[in-house]
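Residue numbers (the UniProt record's numbering), protein chains in the order written: chain S, 1 to 255; chain L, 1 to 219.
A virtual CB, placed ideally from N, CA and C, is assigned to each residue, including glycine.
Here the structure is a predicted model, which means the values were calculated and not measured.
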Ligand SMILES: Nc1ncnc2c1ncn2[C@@H]1O[C@H](COP(=O)(O)OP(=O)(O)OP(=O)(O)O)[C@@H](O)[C@H]1O
Ligand SMILES: [Mg+2]
């Protein structure tokens, strides 16, 4: 469980996050949605402790992150997995080495144990034969999947994904979404996903947080998002004809 | 850590040997030619060419001039590789994994650059050898005279002075470029700008520190 209280963050004079309060439960796939530039990435990086913030608090299982000692922070971080928006693979390492990296840093497993685990997660993201490639030789979609494999390889308790399926074809995007959801349930972890993919919103959004102009405009789930009459949400989510139709069908069906 | 250090030794030290050897050899040659061309008086002893070449190579050319070149080569390599990791969020990725990124990225470069005096020794040797070649094959003097000059009035402290400078410059070469890479902001364009800025400041500091150390140690 992650709790965020009145989080404020500025760069220079521009306030990006203007006081956000919400919480993310264990075993649930939590989505953060909002327009490009609305502060999703900044929000996620605050959660991870990569950005300092002016005020507010972020706590993990009741413990305020910024008040933890160095060792406690390192411990907590060994339980986090993060998929960055631009993948952020280490470009001097092969794909297999990238995925193995967290294991090498945090565990004392033998080489063959680590290799088995790497094979296992690479298979899970549909990359069985890319081990020896360098990140620069992989397509953007492959890089994303490697980033996901690296984030989950050490069985994190908290999984953060910044637009994990942007730049992926629809089929792979769905595979990735399902994978994230499966892992979340299977290992009972707390997952926070930034996205503007409406498919994900409707398929895996157990909790959805909508950011607008640095504020939390709306909170709900993939169910309630069909029924909301919050204009900002409907303008954003149902901006395309297709999704307006989907919504109409959903509402008719469930009546 | 070990593979990282080995990789940095390869990138920073081994990878620089070629250019350092090339420049030292030919600049040594030019120094010898210039010295002998400027020795117009027949009263000046012939061994002066070897002596002057040795002094300029060991005292200034190898430690200082080569370090300026290394500020361009090694320095901008360090800034751009760390800077690229910064803008592509690789440093964030390290930090999320609880890894102290400064330690992880900069420490191996420090260790690798402790081998920097080795590069400078090669520059000294090849510079003096280049002088010899130019002198003998260019018809400016005999090998005996040159070698006599190289061995003349040898002051061990000059070597100590040169290697103190070398160590200090190695430190500057590791820190300033790493600083500019680590703390950079922006995108690919800024990586290029940061490399240039880091080169400028590294060379300015090398020149200033050179002046200070020379005043203190030899003055
Ligand atoms: N390091 C930074 N320094 C200054 N401003 C920043 C920085 N990072 C983000 N911003 C600003 O914060 C705002 C929110 O950016 P953010 O990257 O969080 O948006 P986002 O919601 O993730 O958008 P997208 O969907 O396009 O990824 C933007 O206006 C951006 O310019
Ligand atoms: Mg973003």
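Taking 8 angstroms as the cut-off, the Cβ atoms of residue 6 of chain S and residue 56 of chain S count as close.
Contact annotation: residue 219 of chain L and residue 145 of chain L have beta-carbon atoms that are not nearer than 8 angstroms.
Residues close to ligand 2 by the beta carbon criterion (under 7 angstroms to any non-hydrogen atom) are, from first to last along the chain, S:40, S:41, S:85, S:162, S:163 and S:194.
Legend: CB atoms of the region 90–105 of chain L lying less than 7 angstroms from CB atoms of chain S belong to residues 90, 92, 93, 95, 96, 97, 98 and 99. In the DSSP assignment, residue 145 of chain L falls within the alpha helix (DSSP H) that extends over 143–151. In this structure, DSSP gives residue 220 of chain S an extended state, which the three-state scheme calls strand. The beta carbon of residue 210 of chain L is closer than 7 angstroms to those of 64 and 165 in its chain, skipping five residues each way along the sequence. If you look at residue 103 of chain L, you'll find it in the alpha helix (DSSP H) that goes 101–113. Put simply, the region 188–195 of chain L does not touch the region 129–144 of chain L. Fewer than three CB pairs are less than 8 angstroms apart. Cβ proximity to chain L below 9 angstroms picks out 45, 48, 49 and 50 from the region 30–52 of chain S. At least one beta carbon of chain L lies nearer than 8 angstroms to the beta carbon of residue 74 of chain S. Distances between the C-beta of residue 87 of chain S and the heavy atoms of ligand 1 are all 7 angstroms or more. At a threshold of 7 angstroms, residue 16 of chain S counts as near ligand 1, since its beta carbon sits closer than that to one of the ligand's heavy atoms. In this structure, residue 186 of chain L lies away from residue 29 of chain L, with their beta-carbon atoms at least 8 angstroms apart.
The beta carbon of residue 124 of chain L is closer than 8 angstroms to those of 24, 57, 58, 62 and 162 in its chain, skipping five residues each way along the sequence. As the crow flies, the alpha-carbon of residue 213 of chain L is around 11 angstroms from that of residue 169 of chain L.
Ranked by how close their Cα comes to the Cα of residue 191 of chain S, the residues S:15, S:31 and S:9 have S:31 in first place. The beta-carbon of residue 65 of chain S is placed no less than 8 angstroms from the nearest beta-carbon of chain L. Within 8 angstroms of the CB of residue 88 of chain S, the CB atoms of chain L belong to 88, 89, 90, 92 and 93, in sequence order along the chain.
At the C-beta level, residue 20 of chain S and residue 43 of chain S come within 8 angstroms of one another. Within its own chain, the residues whose Cβ lies closer than 8 angstroms to the Cβ of residue 170 of chain S, once the five positions on either side in sequence are excluded, are 199, listed in chain order.
Sequence-distant partners of residue 19 of chain L (beyond 5 residues in either direction) whose C-beta falls short of 8 angstroms from its own C-beta, in its chain, are 69 and 73.
8 angstroms or more divides the Cβ of residue 207 of chain S from the Cβ of residue 34 of chain S.
A straight-line Cα-Cα distance of about 16 angstroms links residue 151 of chain L and residue 126 of chain L. Neighbours of residue 156 of chain S across chain L, judged by C-beta separation under 8 angstroms, do not exist; the nearest C-beta is about 10 angstroms away.
Contact between residue 84 of chain S and residue 89 of chain L is confirmed by a C-beta separation of about 5 angstroms, below the 8 angstroms threshold.
Every alpha helix (DSSP H) stretch that sits fully inside the region 133–197 of chain L and reaches 4 residues is listed by chain position as 143–151 and 156–182. Measuring C-alpha to C-alpha distances from residue 115 of chain S to each of S:96, S:125 and S:108 identifies S:96 as the nearest. In the three-state scheme derived from DSSP, where H, G and I count as helix and E and B as strand, residue 218 of chain L is classed as helix. Around the beta carbon of residue 207 of chain L, fewer than 16 other beta carbons lie within 10 angstroms, which makes this residue exposed. Listed along chain L, the residues sitting closer than 7 angstroms to residue 77 of chain S by beta-carbon distance are 96, 97 and 98.
Ranked by how close their Cα comes to the Cα of residue 113 of chain S, the residues S:148, S:154 and S:54 have S:154 in first place. Around the beta carbon of residue 174 of chain L, 16 or more other beta carbons sit within 10 angstroms, so the residue counts as buried. Per DSSP, residue 29 of chain L lies in no beta strand (DSSP E) segment; the continuous alpha helix (DSSP H) that holds it begins and ends at 15–38. Cβ contact annotation for residue 46 of chain L (same chain, cutoff 6 angstroms, sequence separation greater than five): 141 and 145, in chain order.
Annotation for residue 103 of chain L: no residue places its beta carbon closer than 8 angstroms to its own, counting only its chain and skipping 5 residues before and after.
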